[in-house]
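Here my numbering is used: the first residue of the sequence shown is 9, the next is one more, and so on. Beta carbons: idealized from backbone N, C-alpha and C, even for Gly. What follows is one structure encoded as structure tokens, with my remarks underneath.
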Amino acid sequence: MSGISDVKIPYWLRGNFKMSTPDFSELAKYLDSLPALGGWPGSDCLVLLHGEPVFRHQAGFCDLEARKPWTGRERVNLYSCSKIATCVAAMQLFEKGLFKLEDPLADYMPEFADMKVRDGDGSTRPAREPIRIWHLFTMTAGFSYDLNSPSLAAYRAANPACPTREFIRALAGDPLHFDPGSRWNYSLCHDVLAALVEVLSGQLFADYTRDHIFAPLGMADTTFLLPDSELGTIAPQYRWNAECKKPVFCGPAIQPYKAGAEYASGGAGCVSTCDDYIKLLEALRVGDVILRKETIDLMATDRLTDETRPFYWKTDCGYGLGVRCKSAVLPDGASDFGWGGAAGSLSVTDREHGFTIMLVQHMLGATDPALRWEVVRLVREAVSAPRRQRKREGARHG
């Protein structure tokens, strides 16, 4: 089983000062309770503070049938935690001046010109606003998360491999669900962003992320396009069965977001490990590693408007360029940015408090996915306690 000392963090991400280790006993208790509270078979949680591993806890089982605990090196399907890497890839191209956030998507992917919107009565009409690239980042482009829409279903039937760029080209044949910019709606926006990366970079999305994010950070077990021959390297994946009220093994494949063998889903297609993915989170905490600090600031700035905010799921945070972030209307709300995945994983960067969290779980259909966000609060409480204690001591001796 991997412990804190087993985590290999690139030297440029590590802290350069000594600190006291926070008390994470409440966090450990909570992680141990998650199998009973949420049905997850088990979890692997790693916390870094100022680049130093300060907490590692593995609860429950990775393989329920074999009663095998987590080791920390298991490959898992990250699902929507993938979105962080996808938005980083696109923002790298933004830094190179290859697009502006306000550019119409059709300037680079012409099939998205002259989009139609389907209204509630079933009729269609021209969209009042073109899809702009910032709409993709902010989940406001007008798409849904239906991979079996008429145009996509027809394309999949004729082209089972579903290359990323061509599959997204087919998406343009379906009407939008609302005018771009008028609502927040969780959707295929970041899958479209992956196709845009292909257009702008001239590389397949999986190759681009490997060359410009994963390889530079030493993330050797991370990919957006796992060959079927390597499915055996994926940790057992489960789905919650409401009828028998227990996790049931459901196979290693990404479900249902991998449209075909050649489809790299920017929104849900990343395979990684706990130890690998936290390197990306640390690079975003430190800044000037794979993205400039000012670019990370752009990502972590709330983009919700008075019009779109009522449609957003969360009330304690905002939504930036592909990540949950500090709310513009709740200054005392969440200070971190990141996102979660359908199988229970959680990726968090908190630059204000200096920590990153990677929580890995591998069960779809949890009865209460929001339970995992308590982990963030408990980490923040633990790392803030020594600071509060120092302030109290300073006040006594001042």
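- LEU57 and PRO158 have their C-alpha atoms some 47 Å from each other.
- Take CYS70, set aside five residues on each side of it, and the residues of its chain with a beta-carbon closer than 7 Å to its own are GLY50, LYS76, PRO77, TRP78, GLU82, ALA243 and PRO244, in chain order.
- One thing to note: ALA342 has its Cβ within 8 Å of the Cβ of CYS325.
- Put simply, the backbone Cα of VAL331 is about 8 Å away from that of LYS91.
- Only buried fits PRO255, as 16 or more other CB atoms lie within 10 angstroms of its CB.
- Where LYS254 is concerned, the enclosing beta strand (DSSP E) starts and stops at 254 to 257.
- No Cβ-Cβ contact shorter than 8 Å links ALA114 with ALA202.
- Nearest in C-alpha terms to ASP40, of all of LEU54, GLN66 and PRO188, is GLN66.
- Pairing GLY352 with MET371 gives a Cβ-Cβ distance under 8 Å.
- Rounded to whole angstroms, the gap between the alpha carbons of ASP236 and SER28 is 45 Å.
- Judged by their CB atoms, ASP344 and VAL383 are not nearer to each other than the 8 Å cut-off.
- Nearest to SER152 by C-alpha distance, out of MET366, ILE176 and PHE102, is ILE176.
- With fewer than 16 other Cβ atoms from the protein chains shown falling within 10 Å of its own Cβ, ASN156 counts as exposed.
- Under the three-state reduction of DSSP, SER209 is assigned to helix.
- In the DSSP annotation of this structure, the continuous segment of the alpha helix (DSSP H) that includes ASP305 starts and ends at 301 to 307.
- For ASP40, the enclosing alpha helix (DSSP H) covers residues 33 to 46.
- When the Cα atoms are used, ASP52 and MET123 turn out to be separated by approximately 44 Å.
- In the DSSP annotation of this structure, CYS53 is not part of any alpha helix (DSSP H); the continuous beta strand (DSSP E) holding it starts and ends at 50 to 57.
- Counting C-beta atoms within 10 angstroms of its own C-beta, ALA393 has fewer than 16 neighbours from the protein chains shown and is therefore classed as exposed.
- Rounded to whole angstroms, the separation of the alpha carbons of ALA308 and ILE141 is 17 Å.
- Using a 10 angstroms sphere on the CB of SER195, the tally of other CB atoms reaches 16 or more, which defines it as buried.
- Taking the C-beta atoms as reference points, TYR265 is found nearer than 8 Å to GLY277.
- When only Cα atoms are considered, ALA214 and THR231 end up about 7 Å apart.
- A direct Cα-to-Cα measurement between LEU239 and ALA261 gives close to 7 Å.
- When DSSP states are grouped into helix, strand and coil, VAL331 belongs to the coil group.
- When secondary structure is reduced to three states using DSSP, GLU174 falls in the helix class.
- The C-beta distance from LEU184 to GLY130 rounds to 14 Å, too long to meet the 8 Å contact threshold.
- Assignment of ILE242 by DSSP, reduced to helix, strand and coil, places it in the strand class.
- Between the C-alpha atoms of GLY268 and PRO318 there is a straight-line separation of about 35 Å.
- Around the beta carbon of LEU204, 16 or more other beta carbons lie within 10 angstroms, which makes this residue buried.
- Contact between VAL207 and ASN85 fails: their C-beta atoms lie close to 26 Å from each other, not under 8 Å.
- Inter-residue distance for TRP48 and LEU42 is about 7 Å (C-alpha atoms, whole angstroms).
- Put simply, the backbone Cα of LEU299 is about 42 Å away from that of ALA250.
- As computed with DSSP, ALA67 is found in a beta bridge with SER51.
- For ASP219, the three-state secondary structure derived from DSSP is helix.
- Around GLU103, the same chain offers LEU299, ARG300 and THR303 as residues with beta carbons nearer than 8 Å, after the five sequence neighbours per side are excluded.
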